[in-house]
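In the UniProt record's numbering, the protein residues as written are 1 to 134.
Below is one structure, written out as structure tokens; comments come after it.
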């Protein structure tokens, strides 16, 4: 993939969207509006933006406890993700998963594994399933 002006603008916009989302999420957490805990990824926006840019629409990923940026960069609605973090029924998992376990298979997010390293068996199982289904 060539990093032409259009691609660079797309990357920048994704990074800005992720940073804004993380800033707002942290603000809501500090105000006590988020149940449980969150792990924001401020300063790591380029990882999510660049990594997800290299993926196809039909690729799946498993993210980590700092996965908000990956979810947004892969196509999860910021509104649905924030609703999820706030425990609302309009969230991408109906408010049941929260920040650390967000899931949206419609865009290829197979969940966030809160335990570092726990995503590997999830991804392996998903890959086997995709292979078996053809």
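C-beta: ideal position from N, C-alpha, C; glycine also.
Check, Outcome
"Would you mind working out which of 87, 83, 102 and 61 sits nearest residue 124, comparing C-alpha positions?", "61"
"Can you find at least 3 beta carbon pairs, one from the stretch 68-82 and one from the stretch 92-103, that sit closer than 8 Å?", "yes"
"Residue 37 lies in the beta strand (DSSP E); which residues open and close that run?", "Run containing residue 37: none; DSSP gives neither H nor E here."
"At 4 residues or longer, what runs of the alpha helix (DSSP H) sit wholly inside the UniProt domain \"Dehydrogenase E1 component\" (14-132)?", "45-53, 68-74 and 78-85"
"Using C-beta distances below 7 Å, list every residue in its chain close to residue 120, excluding the 5 sequence neighbours before and after it, in chain order.", "none"
"Below 8 Å between beta carbons: does that hold for residue 11 and residue 49?", "yes"
"Using beta-carbon positions only, say whether residue 75 and residue 47 come within less than 8 Å of one another.", "no"
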